[in-house]
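Number of protein chains: 4
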Amino acid sequence: MKKEYCGLFGVYGHKEAARMIYFGLYAQQHRGQESAGIVTWDGETIREQKGMGLVADVFNERHLGKELKGSIGMGHVRYSTTGASLIRNAQPFIVRHGDLRLAVAHNGNLVNTYELRAELEQNGSIFQTTMDTEVFAHLIIKYLHESDTIEEAIAKACNRLRGAYSMLILANDKLIAIKDPNGFRPLALGRVGDKYVFASETCAFDLIEAEYLRPLAPGEMVTIHENKLSTMRFCECKKKSQCIFELIYFARPDSYVFGNVVYEQRKAMGAMLAKEAPVDADYVMPFPDSGNYAAVGYSQESGLPLELAMIRNHYVGRTFIQPSQDMRDFSVRVKLNPVKSMVQGKRILIVEDSVVRGTTIRARVKKLRELGAREIHLRVSCPPIRFPCFYGIDFSSKGELIAANHPTEDIARFMGIDSLHYLTIPGLLDSVVDDNAWCLACFDGNYPVPLSDRMGKDCLEASPGIKKESCI
Amino acid sequence: MKKEYCGLFGVYGHKEAARMIYFGLYAQQHRGQESAGIVTWDGETIREQKGMGLVADVFNERHLGKELKGSIGMGHVRYSTTGASLIRNAQPFIVRHGDLRLAVAHNGNLVNTYELRAELEQNGSIFQTTMDTEVFAHLIIKYLHESDTIEEAIAKACNRLRGAYSMLILANDKLIAIKDPNGFRPLALGRVGDKYVFASETCAFDLIEAEYLRPLAPGEMVTIHENKLSTMRFCECKKKSQCIFELIYFARPDSYVFGNVVYEQRKAMGAMLAKEAPVDADYVMPFPDSGNYAAVGYSQESGLPLELAMIRNHYVGRTFIQPSQDMRDFSVRVKLNPVKSMVQGKRILIVEDSVVRGTTIRARVKKLRELGAREIHLRVSCPPIRFPCFYGIDFSSKGELIAANHPTEDIARFMGIDSLHYLTIPGLLDSVVDDNAWCLACFDGNYPVPLSDRMGKDCLEASPGIKKESCI
Amino acid sequence: MKKEYCGLFGVYGHKEAARMIYFGLYAQQHRGQESAGIVTWDGETIREQKGMGLVADVFNERHLGKELKGSIGMGHVRYSTTGASLIRNAQPFIVRHGDLRLAVAHNGNLVNTYELRAELEQNGSIFQTTMDTEVFAHLIIKYLHESDTIEEAIAKACNRLRGAYSMLILANDKLIAIKDPNGFRPLALGRVGDKYVFASETCAFDLIEAEYLRPLAPGEMVTIHENKLSTMRFCECKKKSQCIFELIYFARPDSYVFGNVVYEQRKAMGAMLAKEAPVDADYVMPFPDSGNYAAVGYSQESGLPLELAMIRNHYVGRTFIQPSQDMRDFSVRVKLNPVKSMVQGKRILIVEDSVVRGTTIRARVKKLRELGAREIHLRVSCPPIRFPCFYGIDFSSKGELIAANHPTEDIARFMGIDSLHYLTIPGLLDSVVDDNAWCLACFDGNYPVPLSDRMGKDCLEASPGIKKESCI
Amino acid sequence: MKKEYCGLFGVYGHKEAARMIYFGLYAQQHRGQESAGIVTWDGETIREQKGMGLVADVFNERHLGKELKGSIGMGHVRYSTTGASLIRNAQPFIVRHGDLRLAVAHNGNLVNTYELRAELEQNGSIFQTTMDTEVFAHLIIKYLHESDTIEEAIAKACNRLRGAYSMLILANDKLIAIKDPNGFRPLALGRVGDKYVFASETCAFDLIEAEYLRPLAPGEMVTIHENKLSTMRFCECKKKSQCIFELIYFARPDSYVFGNVVYEQRKAMGAMLAKEAPVDADYVMPFPDSGNYAAVGYSQESGLPLELAMIRNHYVGRTFIQPSQDMRDFSVRVKLNPVKSMVQGKRILIVEDSVVRGTTIRARVKKLRELGAREIHLRVSCPPIRFPCFYGIDFSSKGELIAANHPTEDIARFMGIDSLHYLTIPGLLDSVVDDNAWCLACFDGNYPVPLSDRMGKDCLEASPGIKKESCI
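Chains as they are written, first to last, in our numbering: chain A, 82 to 553; chain B, 82 to 553; chain C, 82 to 553; chain D, 82 to 553.
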């Protein structure tokens with residue numbers, strides 16, 4: 082099973098389409114650093130450029146200015162998970178069928194890939210990758226033979242999918258955007274001048290000075306063709322299940338996702354934390370940059386001063402030479418260094434946005450203790466993460482979930498802190514807009530789209546706490 | 082004339098000397114990104130590795146583990162100014178003379194290079210670079226012939242120098258640290274286990290878990306030989322002239338420089354700003370990351386809430402593809418994006434640590450206006466920079482000094498802000514520890530070490546405001 | 082239409098399979114410099130490493146020592162033609178279908194790709210590339226559903242193909258080698274120790290010290306499974322049509338291809354030239370390295386001395402900086418420089434192995450004239466190339482065929498030479514072993530496998546001289 | 082002690098000077114692959130670009146088109162010997178002294194470097210490298226103070242040097258060429274249009290279509306200033322001692338060196354070999370490409386046919402992945418593969434241009450034996466190399482000299498050959514033009530310029546056969 086964070090960007094009818102896409106991906110680089118790809122329709126066929134690495138490394142001026150011709154196109158950035166980081170898995174995924182050139186860029190994760198794939202193979206399909214996206218492309222072609230339009234074929238194909246999928250599809254000169262009926266992952270519509278654009282997050286619109294229009298609705302398909310927009314519902318939305326983790330952690334704070342301002346939502350979570358679990362401390366401090374905005378909210382609600390006394394080394398990249406063996410916790414220390422005089426004798430309240438394994442926090446706390454901190458309290462602006470996500474967030478890439486297996490007091494002891502409080506689920510829902518629209522499966526194990534077959538079986542074995550009825 | 086920011090690091094007697102130096106430079110990367118170099122004494126000769134670019138790019142495991150043999154060594158990072166970014170100018174600078182191998186790493190800038198050079202050339206010296214450091218190396222060899230020890234030769238050579246210089250010198254198996262008699266630039270002594278280390282800033286000590294002992298005194302020479310430390314004054318300090326800009330802007334906030342905690346000094350400047358020029362605003366906001374700590378100080382003193390509503394793209398490197406021509410202010414926008422909902426209708430007080438040309442601030446202010454900011458006030462945590470620095474800070478690399486030529490009200494108008502206040506010189510001195518130890522030449526034109534000859538003439542022409550008596 | 086030279090190498094049961102394949106490709110690098118790929122069967126799945134460029138650039142020690150696990154595998158090098166030099170077109174081509182992992186490496190060119198593709202698309206197949214190989218993989222899967230073994234499915238699929246194909250197929254733990262019923266392209270069987278190997282040319286065997294056993298027969302399929310070899314005829318060979326251009330030009334002189342020693346065949350062609358068209362000259366000279374061996378043959382038959390007076394610059398790579406505009410014929414001159422004193426006043430007989438556009442020869446002749454050559458005669462060791470090849474040799478990548486449109490005397494005049502003789506077709510057949518086994522289509526337009534549909538139509542338009550009956 | 086092969090190229094007054102130099106070095110790449118450098122005089126100062134690696138890798142279009150401004154300049158390629166392959170040792174070597182900018186490019190080796198250096202250090206000089214060239218630059222500056230012109234200073238400096246030196250010197254807007262009084266190393270004068278050029282070998286002239294005028298005379302200094310040529314003798318030539326190894330092995334066969342055509346000289350050596358040591362063989366074969374031209378000469382003189390049956394892999398670069406351990410002699414085999422059918426049962430006469438260690442030949446002979454060669458005879462077109470060279474040829478980089486320590490019959494036995502003959506010294510002198518102008522020290526130990534001090538002592542210890550009177 083393969084999980085994917087991703088960022089999408091599409092544009093229709095812009096004379097510098099490839100350049101727009103480039104910057105649209107650049108602004109969403111935080112959504113995926115493993116690979117990047119851009120495709121354009123040049124009037125006859127689909128052109129493509131894909132590569133491993135960051136957007137700035139994959140594309141050059143020649144790509145944008147010359148090779149990626151055309152005014153219609155889209156791009157994709159993909160997150161680096163462990164294992165199969167292969168160029169063949171880079172997106173958008175392209176197929177040819179007769180005169181149709183089809184490119185698909187996908188953000189999310191399906192839960193019935195195995196069954197679909199088996200069914201297609203029964204009918205003779207062959208696969209070159211292990212991606213959901215290839216299965217989806219096969220389905221579209223399959224239904225194309227019994228459909229009048231590509232949109233109809235896509236709608237039929239979508240109705241076979243189960244899981245999370247926000248997608249952009251380039252079908253010759255049509256650009257099509259889709260959001261699954263639960264609305265798991267964000268996808269927004271915008272406009273630059275009189276040209277339509279799509280992006281996972283609106284920070285991409287800001288960079289190219291596009292105007293944000295609205296999020297796609299769950300189950301909606303938007304088609305842009307000859308610069309005109311049409312929309313349809315390919316499936317009814319019974320229950321919105323937006324990924325609340327986008328608000329908590331994943332999206333950029335300057336983005337709108339699902340129509341909400343991420344920055345303000347994070348401040349609200351921090352403020353709620355201050356109400357739920359006040360503490361007498363000298364000051365509030367985030368571990369930059371993860372807890373920054375919740376810490377601002379906590380400070381404003383509690384009246385405790387905010388300090389920014391953990392200093393980042395701005396030049397830390399992903400690679401440096403190994404330290405000598407007696408340099409313990411080096412990788413933690415190299416990123417953030419506390420201001421010593423701010424720690425000695427102080428009661429420090431730390432705000433973090435999430436805890437996965439807890440080992441990094443533990444190392445930082447240890448360092449603060451060595452520097453003479455008197456008290457250290459931790460406030461986490463989301464509930465304990467106890468269950469795996471099957472809709473596109475790969476917690477396991479950060480290791481085991483400490484909260485799945487340990488009560489809060491044990492975690493506090495493990496981290497060496499004086500007190501620990503996680504935001505409660507009701508507190509979280511109180512903090513955000515529209516308290517009935519969210520997927521909370523990672524907190525409570527209620528999976529809005531049931532898992533099935535192998536995936537269900539695998540997950541039941543791996544996480545006994547998951548409710549049986551979550552699996553078909 | 083060539084100005085240089087730089088970072089130094091030295092270690093004596095450590096079994097992993099090269100690795101220690103590597104990390105000592107890594108932590109000080111903000112002091113110089115143009116080139117990096119490490120030298121070690123292997124018992125017979127000096128080994129070296131230098132290259133253009135960041136520490137992480139210049140050195141590899143083979144360099145540290147195999148080639149840079151020896152337990153004594155030092156390194157240097159150099160700032161990128163415009164123009165002659167040549168590998169030949171990378172430091173440490175190495176010369177050979179008989180059995181003596183000498184390496185010199187220099188932070189600062191001399192003001193009598195021309196005269197010294199002319200004098201040496203009269204006596205037949207030839208030069209391969211334009212660096213101060215090569216002149217200094219020639220002087221040492223010259224005086225070596227009339228001295229009993231290398232320390233004596235260095236002391237004599239230093240007494241010929243005028244200007245700012247903190248230096249590390251590797252002379253075969255001796256490691257020698259020097260600070261000029263005015264003490265312009267920082268240099269600190271520390272200890273890791275029972276081995277001595279030197280660094281420009283103490284954040285380097287933190288990374289390798291070394292203990293900070295003390296700053297070098299102005300006019301002091303510290304020699305480490307056979308693991309023993311000896312110290313001497315090679316010149317009397319008449320007047321401390323520490324570079325206050327290290328506190329305001331240049332040093333890392335988690336460092337001690339000149340014995341002061343940078344973080345706290347910056348907060349104090351921000352607090353003083355709040356006293357000098359309060360304003361009725363909805364919140365205080367820094368432009369990250371330059372104004373962060375002064376903004377914290379301002380917020381705490383004024384009681385106005387602190388917001389962090391300018392969001393950085395964490396993936397912005399130095400190169401990206403050019404935007405299309407109608408994307409104005411792109412380079413400003415790509416780095417920081419405001420949270421729109423936090424700007425609309427708000428009265429915003431911005432705190433910045435310094436203003437050089439003012440054009441970036443102007444572009445950001447314009448963007449905030451477009452997003453509907455009601456009022457925008459700017460508070461700058463240092464006095465107006467009106468004069469060039471000849472002791473090692475290259476303001477001109479940031480372009481012209483707006484404050485040298487324009488009154489404050491004009492600058493405010495240029496930036497499009499509602500009010501502007503610079504911290505006063507008395508306010509600045511009140512904020513920092515030891516109000517009589519600082520070089521303020523960039524603010525008031527009083528140059529503690531007189532310029533001379535060509536440099537003096539050049540500077541008088543370029544900056545008519547400089548007092549004549551500053552030049553010999 | 083896409084033409085491909087390629088080199089194949091496969092090995093079964095060798096503990097260092099990937100390394101063997103690496104060197105097998107390395108020795109055949111002349112057969113393809115665009116991309117290289119290796120796949121191995123690791124016991125569970127197929128591992129792959131592919132990349133653009135030379136073998137030495139695509140693979141590293143980690144690939145061979147760690148990632149390409151398994152004792153069974155094969156590799157492919159591909160020629161650089163103009164245009165779509167994409168990583169996605171690199172081979173071997175891999176597909177998954179249920180538990181079957183299938184990799185295909187192809188040398189040759191099919192002439193009924195369009196029809197096969199259209200038929201498959203009718204049944205819902207989708208394609209990611211424009212390669213013949215993908216069509217073939219689809220066919221195998223299609224027939225797998227009506228076959229008992231993979232061999233049977235492959236045989237059925239092969240019977241649908243028309244054109245030239247020597248292929249290696251890795252089907253889980255089986256390694257299968259195929260040669261088309263006409264036997265267009267070489268493929269040889271060998272043994273290293275007690276393990277079987279396959280290669281396009283036997284120079285690959287020499288490098289790894291494998292023993293050459295025999296060429297595959299036209300229409301033969303050889304399967305290696307559990308270290309045992311079995312063979313079958315999947316199609317009857319009505320008429321051998323081996324590519325004589327492999328002997329003339331393409332293969333390495335130290336190779337056996339189709340069972341013939343290339344070096345000796347080339348000497349024989351040169352000797353036949355001397356019989357067909359003797360001339361009174363001072364010496365015989367090849368343009369290195371293309372005409373070397375025919376020149377040796379010519380010299381020995383004629384008794385004229387051989388000189389090697391065109392000197393190569395051994396450091397000429399593919400890229401160098403552009404010369405200034407007044408340096409005419411620079412690219413010709415930079416590769417070969419004549420020894421002046423050997424040219425002045427001399428009657429020179431040049432032997433070349435083939436002439437495509439003639440412009441390079443013309444430039445060299447011009448240079449020799451400038452240096453004072455008295456007479457220049459050209460002898461070409463193959464007949465005039467008048468027709469395009471549809472079976473895998475891309476003459477057009479070298480530009481237009483001068484002999485297709487011009488009589489010999491015009492060509493001689495164009496080149497500025499005193500006499501010109503092409504080896505006659507009977508002379509060529511006399512020179513080689515087995516005078517009835519060869520495809521001569523590029524000389525006489527008799528295409529042994531009829532072209533069809535679009536390809537046929539395209540070719541008739543482009544080359545009116547092609548006989549109609551060559552096209553279905 | 083450091084030996085250096087090198088190639089020089091200079092041009093005066095050409096509007097595309099840097100480009101001319103680039104191609105002049107490109108054509109002489111065989112003279113040095115370690116580093117390359119170009120300097121130009123831009124009217125105010127000397128510009129430079131140097132780097133490790135091949136000419137094509139070190140320079141790019143920006144360097145030639147923009148940075149290396151000016152119409153006067155020169156370049157240098159340097160050979161890779163073991164050890165200190167440092168960028169700091171790349172040439173041309175540049176120094177500044179007052180308004181003088183001086184660049185020196187050196188081919189050769191001095192034998193009194195130690196004494197000169199010691200003397201200069203006594204007077205306070207410091208050195209950054211271990212190169213002869215730096216010592217020479219110091220001397221020029223030293224004598225400049227007692228000279229009226231730079232030429233005079235250079236002449237005085239040259240009269241202090243002992244050893245081999247062909248040099249180009251750029252002194253502001255003068256380009257000066259020098260050859261030592263013995264004339265050890267080649268240096269030629271040419272003209273492209275009406276502009277003067279210099280090169281080590283005339284193949285550089287051919288590439289840029291310059292005309293070869295003449296070699297420099299021993300002890301001659303040629304100055305080009307304001308497009309005018311002047312010449313002087315700075316020292317009398319008592320005895321020409323041209324390096325005969327340039328003819329035998331080192332220079333390109335299409336070059337003139339010392340006024341001789343290398344190609345013809347090599348053929349003459351091969352012909353002389355045929356006279357001195359005929360043998361009854363089936364054919365003559367060189368090991369490409371070293372023995373090619375002597376083999377042509379041998380074949381023509383003896384009447385034995387020439388075969389080119391050792392086939393090179395044209396894609397062998399310097400790096401490939403290590404073969405498995407049971408692949409003996411792999412590195413030998415990968416470069417050249419014999420045509421098997423040409424070896425089986427044959428009596429083969431091999432011609433080589435020189436033998437240093439003999440191990441490669443031994444491995445090739447072994448392979449030929451395995452393939453069934455009946456007899457193998459070796460003829461070497463130079464006398465046995467018994468003594469080290471101190472004038473710029475680094476035999477030791479190829480390992481020990483087998484002929485220094487073993488009689489011919491032992492060498493033949495070691496190589497596994499049926500007969501071995503080295504060209505005799507009289508035979509060699511008979512083959513070449515002007516039999517009294519050559520340095521034969523590597524054959525007979527008579528060093529035309531006596532070694533001295535440390536170098537002499539070192540060499541006596543290392544090579545006891547050297548006559549005492551060769552050392553001062």
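By construction, the Cβ of each residue, glycine as well, lies at the ideal position given by its N, Cα and C atoms.
Q | For residue 397 of chain A, three-class secondary structure by DSSP | A | When secondary structure is reduced to three states using DSSP, residue 397 of chain A falls in the coil class, being assigned neither helix nor strand.
Q: Please look up how many angstroms separate the CB atoms of residue 327 of chain C and residue 338 of chain C, rounded, as I've assumed it's under 8 angstroms.
A: Right, their Cβ atoms sit about 5 angstroms apart.
Q) Which of the three DSSP states, helix, strand or coil, is assigned to residue 341 of chain A? A) Strand at residue 341 of chain A.
(Q) Please state the DSSP three-state secondary structure of residue 527 of chain A. (A) Reduced to three states, the DSSP call for residue 527 of chain A is coil.
Q: Determine the contact status of residue 522 of chain D and residue 468 of chain D, defining contact as a CB-CB distance below 8 angstroms.
A: Contact: yes.
**Q.** Alpha-carbon spacing of residue 224 of chain C relative to residue 254 of chain A, whole angstroms
**A.** Cα to Cα, residue 224 of chain C sits roughly 35 angstroms from residue 254 of chain A.
Q | Exposure of residue 139 of chain A, with buried meaning 16 or more beta-carbon neighbours within 10 Å | A | Residue 139 of chain A should be labelled buried.
Q | Boundaries (first-last residue) of the alpha helix (DSSP H) holding residue 214 of chain C | A | Per DSSP, residue 214 of chain C belongs to the alpha helix (DSSP H) from 213–225.
Q: Return yes when the Cβ of residue 269 of chain C is within less than 8 angstroms of the Cβ of residue 299 of chain C, no when it is not.
A: Against a cut-off of 8 angstroms, the Cβ pair of residue 269 of chain C and residue 299 of chain C comes out as no contact.
Q) Name the chain C residues whose beta carbon is nearer than 8 angstroms to that of residue 202 of chain A? A) Going along chain C in sequence order, the residues near residue 202 of chain A (Cβ under 8 angstroms) are 178 and 179.
(Q) Below 8 angstroms on the Cβ atoms is my contact criterion, and I expect residue 310 of chain B with residue 250 of chain B to pass it. Report the Cβ-Cβ distance as a whole number of Å. (A) At roughly 15 angstroms, the Cβ-Cβ gap does not stay under 8 angstroms, so residue 310 of chain B and residue 250 of chain B are not in contact.
Q.
Quick check on DSSP: helix, strand or coil for residue 353 of chain D?
A. The three-state secondary structure of residue 353 of chain D, taken from DSSP, is helix.
Q. Is the beta carbon of residue 124 of chain B sitting closer than 8 angstroms to the one on residue 265 of chain B?
A. No Cβ-Cβ contact shorter than 8 angstroms links residue 124 of chain B with residue 265 of chain B.
**Q.** Of the listed residues A:425, A:458, A:176 and A:441, nearest to residue 431 of chain A (C-alpha basis)
**A.** Residue 431 of chain A has its Cα closest to that of A:458, out of A:425, A:458, A:176 and A:441.
Q) Closest Cβ-Cβ distance between residue 154 of chain D and chain B: below 8 angstroms? A) Residue 154 of chain D does not count as touching chain B.
Q: Taking residue 304 of chain B as the reference, give the member of B:319, B:359, B:320 and B:257 with the closest Cα.
A: Here the closest residue by C-alpha is B:257.
Q: Within its chain, find whatever has a CB closer than 6 angstroms to the CB of residue 164 of chain A; leave out the 5 residues flanking it on each side and keep chain order.
A: Confidence in residue 164 of chain A is poor, its pLDDT being 38 and thus under 50, which makes the residue's placement unreliable; the coordinate value appears in the next sentence. The answer is none, since no qualifying residue turns up.
Q) Excluding sequence positions up to five away, which residues of its chain have a Cβ less than 6 angstroms from the Cβ of residue 335 of chain B? A) Correct list, in chain order: 284.
Q: May I have the straight-line CA-CA distance separating residue 179 of chain B from residue 168 of chain B, to the nearest angstrom?
A: Here the C-alpha atom of residue 179 of chain B lies approximately 25 angstroms from the C-alpha atom of residue 168 of chain B.
Q: Kindly indicate which residue of C:291, C:374, C:362 and C:202 has the alpha-carbon position closest to the one of residue 351 of chain C.
A: Across the set C:291, C:374, C:362 and C:202, the C-alpha of C:374 shows the shortest separation from the C-alpha of residue 351 of chain C.
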